[in-house]
């Protein structure tokens, strides 16, 4: 071996455990399978989306799940010109934080548009569901601008 | 007077440090750490049997193997048996654990080290795996994209301006002037290459000693007069990404504002992070004295934070500064923050 060569071997980076999603994350995923979005009420009445079993700031137990809308506003975005191999999306797309109607916290997902020129903070987008849903965050294929919904 | 400085805490100092960073290192982790660990032990003239505690920080995800730190213990020499611990975190948190061990009163000396070698694999993949496993990681956002989501909020809300980002890039040395900055293409809208880190392989080792011992080992020990670490929510949507409450609180608890700060060593891998950290800790946006080194030019996962502490100690040893602030961060977009104040003891 040349001194400037490195020994290498293939390595698959993975998390090789099976996890149960529990009563709150599980319910959220079941909702996605049914093409609805669930949040959870915090002590102060605001709605956390996506939901967790506890308040991420106060650690209080949360139990009251509520359905939120499928249209929301972009609170911030960036553009992914070259999606990585593992990305669910093959084409260039935006990654954005989107606050759904009825929710008080935004969630991260893709906005499926052709170029970043059309994007701005505050624009309205709606969920585009995959045809086959299985109870996974990727049941949401992405978000599309509200004006362009023809389905 | 602050609780952490009220005299009931044991005085602990950094008395020696050694570090190495390269963009691509061909040595194994053990080969990288042997010279660094030997160097700090030789500097203070102690062998492993004379060190009360050994604590390290590293990432199994980088090494691609569970309990990878056990192999790196070969660089220390764990036989005859040593008292040892490890954190799957930046070495700055191994440093904190060691400081706690000193406060327990069970040790007078310790060696702390950490290392990361991202070059053989994809650091972006490793960083994606630290995100929420249900809601975020399956979407595989890369670190620059996540930083960009925060950057747009900062720009939209007027917390930072594009000119401030350009000036920060100049100060950290990623570009020479504003023209060069603004001519760079945007790589993760709104961030340019000059706003984002270059990654490096590397490691750092240091020796700590308590009062009574530290003065024997070092002419001018870098005394830890304040240290604290805090964490914000892992839930992206819950956090106001234009603020970092955890670093504000850690700075307050570490007593940052109890005296003038001569040098700051911030673990800021993005220009946005540099500006936001300064704002949250009440530091001047444009420091009088530049940092010893900037992680944006060579960021080493698991070692950058401990390296900032080592750089801070070096400025004390060199006599350039008497009261310095070192900062370490972990998790996405400054989620967890450690703040440490070191003092040389001048009055």
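Protein chains in written order, with the numbering used here: chain H, 2 to 152; chain G, 285 to 631. All residues carry an ideal CB built from backbone N, CA and C; glycine is no exception. Note that the structure is a prediction, hence the values are computed from the model and not measured.
Does the CB of residue i have a neighbour CB from chain G at under 8 Å?
i: residue 80 of chain H; result: yes
i: residue 67 of chain H; result: no
i: residue 129 of chain H; result: no
i: residue 36 of chain H; result: no
i: residue 19 of chain H; result: no
i: residue 122 of chain H; result: yes
i: residue 44 of chain H; result: no
i: residue 119 of chain H; result: no
i: residue 51 of chain H; result: yes
i: residue 150 of chain H; result: Annotation note: pLDDT 49 at residue 150 of chain H (below 50); position unreliable, coordinate value reported separately. Chain G contact via Cβ: absent.
i: residue 26 of chain H; result: yes
i: residue 22 of chain H; result: yes
i: residue 145 of chain H; result: no
Cα separation between residue i and residue j?
i: residue 352 of chain G; j: residue 402 of chain G; result: 14 Å
i: residue 53 of chain H; j: residue 415 of chain G; result: 15 Å
i: residue 442 of chain G; j: residue 394 of chain G; result: 45 Å
i: residue 431 of chain G; j: residue 557 of chain G; result: 9 Å
i: residue 586 of chain G; j: residue 50 of chain H; result: 31 Å
i: residue 19 of chain H; j: residue 410 of chain G; result: 19 Å
i: residue 567 of chain G; j: residue 538 of chain G; result: 14 Å
i: residue 288 of chain G; j: residue 561 of chain G; result: With a pLDDT of 48 at residue 288 of chain G, under the threshold of 50, the modelled position of this residue cannot be trusted; read the value that follows with caution. Roughly 22 Å separates the two Cα atoms.
i: residue 407 of chain G; j: residue 474 of chain G; result: 21 Å
i: residue 368 of chain G; j: residue 333 of chain G; result: 12 Å
i: residue 466 of chain G; j: residue 24 of chain H; result: 49 Å
i: residue 494 of chain G; j: residue 502 of chain G; result: 11 Å
i: residue 478 of chain G; j: residue 540 of chain G; result: 29 Å
i: residue 398 of chain G; j: residue 292 of chain G; result: 29 Å
i: residue 365 of chain G; j: residue 335 of chain G; result: 12 Å
i: residue 102 of chain H; j: residue 425 of chain G; result: 24 Å
i: residue 38 of chain H; j: residue 27 of chain H; result: 12 Å
i: residue 439 of chain G; j: residue 559 of chain G; result: 12 Å
i: residue 319 of chain G; j: residue 310 of chain G; result: 15 Å
i: residue 150 of chain H; j: residue 10 of chain H; result: Unreliable placement is indicated for residue 150 of chain H, whose pLDDT of 49 sits below 50; the coordinate value is still reported in the next sentence. Answer to the nearest angstrom: the Cα atoms are 47 Å apart.
i: residue 629 of chain G; j: residue 6 of chain H; result: 48 Å
i: residue 453 of chain G; j: residue 21 of chain H; result: 45 Å
i: residue 521 of chain G; j: residue 105 of chain H; result: 9 Å
Which same chain residues end up closer than 6 Å to residue i when comparing Cβ atoms and leaving out the 5 residues on each side of it in sequence?
i: residue 82 of chain H; result: 93
i: residue 523 of chain G; result: 516, 517
i: residue 437 of chain G; result: 525, 526
i: residue 543 of chain G; result: 607
i: residue 575 of chain G; result: 549
i: residue 100 of chain H; result: 73, 74, 76, 107
i: residue 132 of chain H; result: none
With distances taken Cα to Cα, identify the nearest neighbour of residue i among the options.
i: residue 15 of chain H; options: G/344, G/334, G/606, G/326; result: G/344
i: residue 350 of chain G; options: G/333, G/422, G/372; result: G/372
i: residue 145 of chain H; options: H/97, H/103, H/137, H/107; result: H/97
i: residue 420 of chain G; options: H/102, H/109, H/24; result: H/109
i: residue 71 of chain H; options: H/55, H/128, H/118; result: H/128
i: residue 305 of chain G; options: G/552, G/489, G/601, G/609; result: G/489
i: residue 136 of chain H; options: H/8, H/117, H/11, H/33; result: H/33
i: residue 596 of chain G; options: G/610, G/602, G/584, G/583; result: G/610
i: residue 451 of chain G; options: G/554, G/626, G/378, G/535; result: G/554
i: residue 295 of chain G; options: G/341, G/471, G/563, G/391; result: G/391
i: residue 370 of chain G; options: G/337, G/454, G/569, G/386; result: G/337
i: residue 8 of chain H; options: G/404, G/388, G/531; result: G/404
i: residue 41 of chain H; options: H/69, H/125, H/17; result: H/69
i: residue 1 of chain H; options: G/423, G/362, G/612, G/413; result: Outside the displayed range of chain H (2 to 152) lies residue 1 of chain H, so it cannot be described from this structure.
i: residue 446 of chain G; options: G/427, G/470, G/429; result: G/470
Quick one: is residue i near chain H, going by C-beta distance under 8 Å?
i: residue 336 of chain G; result: no
i: residue 519 of chain G; result: yes
i: residue 553 of chain G; result: no
i: residue 487 of chain G; result: no
i: residue 440 of chain G; result: yes
i: residue 304 of chain G; result: no
i: residue 524 of chain G; result: no
i: residue 432 of chain G; result: yes
i: residue 426 of chain G; result: yes
i: residue 616 of chain G; result: no
For residue i, which residues of its own chain have a beta-carbon under 8 Å away from its beta-carbon, when the five flanking residues on both sides are left out?
i: residue 581 of chain G; result: 456, 457, 458, 481, 482
i: residue 604 of chain G; result: 546, 547, 573
i: residue 533 of chain G; result: 512, 514
Could you check if residue i belongs to the surroundings of the ligand MN, using beta carbon to heavy atom distance under 7 Å?
i: residue 588 of chain G; result: This structure lacks the ligand MN, and indeed carries no ligand of any kind.
So, at 7 Å on beta carbons, what are the nonlocal neighbours of residue i in its own chain, with the 5 sequence-adjacent residues on each side left out?
i: residue 571 of chain G; result: 548
i: residue 56 of chain H; result: 43, 44, 63
i: residue 498 of chain G; result: 297, 299, 505
Below 8 Å, how does it come out for the region 307 to 323 of chain G and the region 499 to 514 of chain G: are there three or more Cβ pairs, yes or no?
no
Check whether the region 111 to 119 of chain H and the region 56 to 64 of chain H are in contact - that is, three or more C-beta pairs closer than 8 Å.
no
Under 8 Å, with one C-beta from each stretch per pair, do the region 322 to 330 of chain G and the region 620 to 630 of chain G reach the 3-pair mark?
no
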